[in-house]
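Data block below; observations after.
Residue numbers (the numbering used here): 1 to 93.
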């Protein structure tokens, strides 16, 4: 089984700069601003939807009991929030 290729943020910046002709520094600023706005809006309780791509929202995980694998001791895992992404349904041809 082969290793899954990774497409990093810097790869994305390079690809967008090549397609648009914009400087990589400008593309990086735009991507950083976009991701920052998505994060800020979801932290404020909004759902961010990009039609044809998907939606982002903040989801809550409940506190739960877990087990320390090293000692076998039962520990409480606190409640937490995480950013969730749901892809849009594929277009029908």
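Even for Gly, the Cβ is constructed at its ideal location relative to N, Cα and C.
Problem - According to DSSP, residues forming a beta bridge with residue 56 - result: Residue 56 pairs with 48, 85.
Handout entry: Extent of the continuous alpha helix (DSSP H) run through residue 40
Key = Taken as a continuous stretch (DSSP letters only), the alpha helix (DSSP H) holding residue 40 covers 24–43.
Practice task
Report the option in 78, 55, 2 whose CA atom is closest to the CA atom of residue 62.
Solution key: Looking only at 78, 55, 2, the smallest Cα-Cα distance to residue 62 is reached by 78.
Practice task
Flag this pair as yes or no: are the beta carbons of residue 84 and residue 59 separated by less than 8 Å?
Solution key: Yes; because the gap between Cβ atoms is below 8 Å, this pair is in contact.
Problem - Sequence-distant residues of its chain with Cβ nearer than 8 Å to residue 45 (five each side left out) - result: Contacts found: 58.
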